[in-house]
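See the structure below:
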């Protein structure tokens, strides 16, 4: 128990150190190779911790300031999955730019160190038991990822970075206000100062928390972290940032950063549910449905491939939020959906990024017949888009089905109807784009890129994973999801 | 003692009004510096015998970062960019002041409704912090220059900090310092972002950043 | 209307009537002194008034009775206001609960007639001045009323005499952040109402930048004398309003109090105005409303502090 806690320190220190090491290499190629190796190295202690948590229960360290239970372990797995995929994808993504001399050593160094810094920050969010430190980690992710968006420093990227910085900083500031209100709600608690923001502590003493302050705090938290998670109407930074960032960065944004913000909200859900049974549920359902509907409207009128994917992220984060508001079954489904969406969306951005390089544009009216030009990327994009709109055998269909089921069980029929309506709009709207992109008449003047082995493994592996999870859920995953869901909404049982 | 807290609160409220009503960016930055110093003093005024070290540490941190480092950074950006005024914000300065007044009254109302477990002497800090938050949001939404928006963010942040000073004994010192550090890095990065905007566009009018739509 | 005759004193209104023009003389002398000139004699304003009284007025054919009523009503309103204005802790001739509201509205009445008299001339310059005056007074009036309300709240009395009695007998013990705010707010109102720098420049004759002076351009003879005398009175009583807040004099001996009060009320506003006019330029017209709104904000804050 005690020794396992040290691993948390190791993960944080090692990933910070790797960020620093990135600065000593002298060529972009070497840095990208080192990043692949580095991420794999970090994966080892993370997975060890996750397995340990699975078999021996929660791990804590540093006087309970660090704490890993099933909920954080599950998110750690998703995070490492997304990071590994994106890092390996990045290895070949920059080929062209390196040859053109745009992706210089200086840029590569910046990219590498910010990459590891964001890995550290997100890990910090997941492993900290102190709600204040969790906030610090979340704010740090905003700050370190800002310059990842603006890697090549051009007009649109600067604009996207600026919006991202300002909107998310303000949102996160609100979340801090919420954190303070939650701290204030524990005023009757006679504890040492250092312990007061500990989640484990607060969860145990739920009944003495001041309900009014806790609820006010939760609203701030939902709006604040919700901004970072891309919930409507605070989502406006998201399509800009996702469309301007390089594809691997878009993938970690969509694949995990949004989920990290939602993870923070989940921690508070379990707190606020202690004083009020339905308060958080109503708010979450409301935000979830609103987000789905608004994003559906934008998806219909979208022409930019990466923006389309970004709005899909908004939609799916809305679906997850909706699921979180639908009782234990809904939370289970929402967590499952988190995993599916992260894998699927990373895949989507990977393919979109490479197709963008092939066609020289992200305008979907000009990307046609991608399957002919590059079967791997075209097919991957089609697969991921079909999965995203909820086509049957894929895992996202299953998790959405579970959410609908949860809505039925909790008698939230109106939410279910609106959810299905939004999904149908998205389905039709996205299908309109998918068909010409995949099977349309290819314009012949585009150069076809050679697909590398890692790329093939990535695309096929991700598609296979999505298919497999849609058809069969391993018992281990079921168990982890069940335990994680219990932590978020366990008292409902 | 109580009078001194009152005085601080009044000065902080007035400094927010200066932020709302001033077009000269240099004046705004100086006001922010004063605000930072006042906020640094605020926790010391709130009597907490048991937390002297804690309070002093946070106070000194806030004083240095909010009162000295932020203004210094902002002035650096200001000099580099070479603009002096916020010209024609979306809402003029006199209407801004009136809206500020309305905001003050709203925050007093909310402050009186919010049953907050604070000692009597610091009860007024809560409306102040709400007012700062509203003022910051207002600045963020109505000003056009990137630098003004950074300052709006700082006013908002200051409001939250003031709120934090009331619940200070609930928040561990490492968290407080982490928060300050994050704010520092945020301003630093926003400053760099402002350079980038200036370099790419030759202006820092945020309302003219409209390449990305839909 | 309940009147407290037991508290009355004739000295505030008498000194106002006789000493008000002297205030202008002192201000001009101080300004001259500060800029190294030898100023006009202190009694110059009296000579000017006497000179104007002996002249006859000229009336344009386009004007109506309103134009003639303007100066008279203006002076009448100010004289009435002088009757309810105490001098430090010496109570006014008339006082009753809520008289500070009447005070504010007497000022407003005088201003209203000045404005419509200016409009009555049909001249575009006068109209411009009138519109500016109306705009600025719309901003300064709430500031004054709110500031006085804050004082009323602080002192627990709602007549001017009562307020100032408490204020000056309590001397510095009553000093609080709120009273400092009230002082600043009333000071700005004082400068605005009397059309002094930085709001308006009494010496300029450029119509495009003037506010108050431009409105009275068409008046002459006794009318102008009334206007000038009214302006002096207005400055005197608003000066009392200002000085009363910070005047710590409380000797208990009536004549000593009176003497000190007169000296302070002559020198205080005069020195303040003299210094300001010596060191500052007029604000751009666009900035004036900001200053006035600032005064309003000070008053609101003071009131909020007192209402707690």
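Chains as they are written, first to last, in our numbering: chain W, 118 to 610; chain G, 312 to 525; chain D, 185 to 492. All C-beta atoms in this analysis are idealised placements derived from N, C-alpha and C, irrespective of residue type, glycine included.
Which residues DSSP lists as bridging residue 456 (chain G), in chain order: For residue 456 (chain G), which the question treats as bridged, DSSP gives the partners G:516.
8 Å Cβ shell around residue 464 (chain D) - same chain, five flanking residues per side excluded: 381, 382, listed in sequence order.
Partner residues on chain G for residue 330 (chain D), Cβ-Cβ distance less than 9 Å: What residue 330 (chain D) touches in chain G: nothing, since even the nearest Cβ is about 11 Å away.
Cβ of residue 493 (chain D) within 9 Å of any chain G Cβ: Here chain D covers residues 185 to 492 and nothing more, so residue 493 (chain D) does not appear.
Extent of the continuous beta strand (DSSP E) to which residue 176 (chain W) belongs: Note, residue 176 (chain W): beta strand (DSSP E), 176 to 178.
Rounded C-alpha distance that separates residue 289 (chain W) from residue 290 (chain D): Within the model, the alpha-carbon separation for residue 289 (chain W) versus residue 290 (chain D) is close to 53 Å.
Closest residue to residue 551 (chain W) among W:393, W:421, W:459 (Cα-Cα distance): Across the set W:393, W:421, W:459, the C-alpha of W:421 shows the shortest separation from the C-alpha of residue 551 (chain W).
Residues sharing a beta bridge with residue 71 (chain W), DSSP: Within the shown structure, residues of chain W are numbered from 118 to 610, placing residue 71 (chain W) beyond reach of any answer.
Inter-residue Cα distance where the pair is residue 183 (chain W) and residue 371 (chain W): Counting only the Cα atoms, residue 371 (chain W) lies some 26 Å from residue 183 (chain W).
The region 238 to 256 of chain W: positions lying closer than 8 Å to chain G by Cβ: Under the 8 Å Cβ criterion, the region 238 to 256 of chain W contributes 247, 249, 250, 252, 253, 256.
DSSP-derived helix/strand/coil call for residue 118 (chain W): Low confidence applies here, because residue 118 (chain W) scores a pLDDT of 49, under 50, leaving its location unreliable; read the following figure in that light. Three-state DSSP puts residue 118 (chain W) in coil, outside helix and strand.
DSSP three-state assignment for residue 264 (chain W), whether helix, strand or coil: Three-state DSSP puts residue 264 (chain W) in a helix.
Whole beta strand (DSSP E) elements within the region 277 to 319 of chain D, 3-residue minimum: Uninterrupted beta strand (DSSP E) stretches at least 3 residues long and entirely within the region 277 to 319 of chain D do not occur.
Residues in the region 400 to 429 of chain G having any Cβ partner in chain D nearer than 9 Å: Those residues of the region 400 to 429 of chain G that come within reach of chain D (Cβ to Cβ, closer than 9 Å) are 404, 405, 408, 409, 411, 412, 415, 416, 419.
Unbroken stretches of the alpha helix (DSSP H), 4 residues or longer, contained in the region 432 to 470 of chain D: Entirely contained in the region 432 to 470 of chain D, the alpha helix (DSSP H) runs reaching 4 residues are, in chain order, 438 to 463.
DSSP beta-bridge partners of residue 315 (chain W): Under DSSP, the beta-bridge partners assigned to residue 315 (chain W) are W:247.
Interface residues of chain D facing residue 314 (chain G) [CB-CB closer than 8 Å]: Neighbourhood of residue 314 (chain G) in chain D, by CB distance below 8 Å: 360, 361, in chain order.
Interface flag, residue 321 (chain G) vs chain D, CB-CB below 9 Å: Closer than 9 Å: yes.
Near the ligand COA: residue 316 (chain D) beta-carbon under 8 Å from a heavy atom: The ligand COA is absent from the structure shown, which contains no ligands of any kind.
Best match in G:457, G:461, G:422 for proximity to residue 512 (chain G) [C-alpha to C-alpha]: The shortest Cα separation from residue 512 (chain G) among G:457, G:461, G:422 belongs to G:457.
Close Cβ partners of residue 430 (chain D) (< 7 Å) along its chain, the five nearest in sequence each way excluded: Within its own chain, the residues whose Cβ lies closer than 7 Å to the Cβ of residue 430 (chain D), once the five positions on either side in sequence are excluded, are 367, listed in chain order.
Inter-stretch contact at 8 Å, needing at least 3 Cβ pairs: the region 377 to 388 of chain G / the region 341 to 356 of chain G: Using a C-beta cut-off of 8 Å, the region 377 to 388 of chain G makes contact with the region 341 to 356 of chain G, since at least three inter-stretch Cβ pairs fall below that distance.
Touching by the beta-carbon criterion (3+ pairs, under 8 Å), the region 321 to 329 of chain W and the region 373 to 393 of chain W: In short, these stretches touch, since the Cβ pair count reaches three.
Straight-line Cα distance separating residue 477 (chain D) from residue 455 (chain D): Distance between the alpha carbons of residue 455 (chain D) and residue 477 (chain D): 25 Å.
Limits of the unbroken alpha helix (DSSP H) element including residue 289 (chain W): 272 to 302 is the span of the alpha helix (DSSP H), which, as asked, contains residue 289 (chain W).
Local conformation of residue 183 (chain W) per DSSP, three classes: Note: residue 183 (chain W) maps to strand in three-state DSSP.
CB contact flag (residue 369 (chain G), residue 249 (chain W), <9 Å): Not closer than 9 Å, so no.
Buried versus exposed, by CB contacts within 10 Å (16 or more), residue 573 (chain W): Exposed: under 16 other Cβ atoms inside 10 Å.
Beta carbon of residue 412 (chain G) nearer than 9 Å to that of residue 370 (chain D): No, the pair does not count as a contact, with Cβ atoms beyond the cut-off.
Any 3 or more C-beta pairs closer than 8 Å across the region 348 to 358 of chain W and the region 410 to 429 of chain W: The answer is yes - the region 410 to 429 of chain W touches the region 348 to 358 of chain W, with three or more Cβ pairs under 8 Å.
Interface positions of the region 494 to 519 of chain G facing chain W (Cβ-Cβ less than 9 Å), listed along the chain: So the close ones are 494, 496, 497, 499, 500, 501, 503, 504, 505, 507, 508, 510, 511, 512, 517.
N- and C-terminal bounds of the alpha helix (DSSP H) containing residue 146 (chain W): Residue 146 (chain W): member of the alpha helix (DSSP H) spanning 145 to 173, first to last residue.
Distance between beta carbons of residue 418 (chain G) and residue 474 (chain G), contact taken as under 8 Å: With a Cβ gap of about 11 Å, residue 474 (chain G) and residue 418 (chain G) do not count as contacting.
Supposed contact pair residue 406 (chain G) and residue 455 (chain G) - C-beta distance, whole angstroms, cut 8 Å: Actually they do not touch by this definition, with Cβ atoms about 15 Å apart.
Contact with chain G by residue 492 (chain D), beta-carbon distance below 9 Å: Flagged as an interface residue toward chain G: residue 492 (chain D), by a C-beta distance shorter than 9 Å.
Any C-beta of chain G under 9 Å from that of residue 158 (chain W): Using a CB distance cut-off of 9 Å, residue 158 (chain W) does not count as an interface residue toward chain G.
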